[in-house]
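In the working numbering, the protein residues as written are 102 to 259.
C-beta atoms are modelled at their ideal positions from N, C-alpha and C, and glycine is treated no differently.
Read the structure below first, then the notes.
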């Protein structure tokens, strides 16, 4: 997840530059909510593109996991969008609690972290250890086998 976050940071950094140049925004608070909506769609486009393309983001390729539908097939567009929206449930309960309690700055980390841990713990309730957003979206994460070693590499190690 940290690796995915690093990749998303790069995508958002570039997209924010494009947003600020195209809107001629010179102050961080100018168009704040429009910027947040834009970020939501940029992140969504990143995930939906990669999930539709091969079922894997760049980070998922590293960890050899793929997202598929319950029939082990590639995700259709609507399912990828639904999965993306439901995946925000990792953070949304914590944000709602923080907003209701009027928490600011570092205090935000407590309910967001607890919500994150709670959502991750829901995978323990599923017999096949799928996350709740995958159950609702009718998708699943599958582990890919290790790539087969090339017989030439075994015979001639360098």
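Original post:
Leaving out the 5 sequence neighbours to the left and right, which residues in its chain are closer than 7 Å to residue 108 when beta-carbon positions are compared?
Top reply: Cβ within range, chain order: 159, 160.
The beta strand (DSSP E) spanning residue 241 covers which residue range?
240-244
Self-check item: Among 116, 241, 247, 250, the one whose alpha carbon lies nearest that of residue 180
Solution: 241
| Do residue 237 and residue 176 have their CB atoms nearer than 7 Å? | no
Whole-angstrom distance between residue 163 and residue 171, CA atom to CA atom:
23 Å
Would a C-beta distance cut-off of 7 Å place residue 212 and residue 199 closer than the cut-off? Yes, the Cβ-Cβ distance between residue 212 and residue 199 is below 7 Å.
Exercise. Indicate whether the contact test is met: 3 or more Cβ pairs, each with one atom in the region 137-147 and one in the region 115-129, closer than 8 Å.
Key: Verdict: yes, contact present.
- Same chain, Cβ closer than 8 Å to residue 149, five either side skipped, listed in chain order: Cβ neighbours of residue 149 beyond the five flanking positions: 178, 181, 182, 185.
With a threshold of 6 Å on Cβ separation, who are the neighbours of residue 216 within its own chain once the five nearest residues in sequence on each side are excluded? 194, 195
Open item on the list: Taking the beta strand (DSSP E) that residue 167 belongs to, which residues open and close that run?
Closed with: 166-170
Check: In three-state terms, what does DSSP make of residue 136?
Finding: Residue state for residue 136 is assigned as helix, using DSSP reduced to three classes.
Practice item. For the alpha helix (DSSP H) containing residue 194, list its first residue and its last residue. Key: 193-202
Nearest-angstrom Cα separation, counted from residue 151 out to residue 234: 18 Å
- prompt: In whole angstroms, what separates the C-alpha of residue 146 from that of residue 239?
  reply: 20 Å
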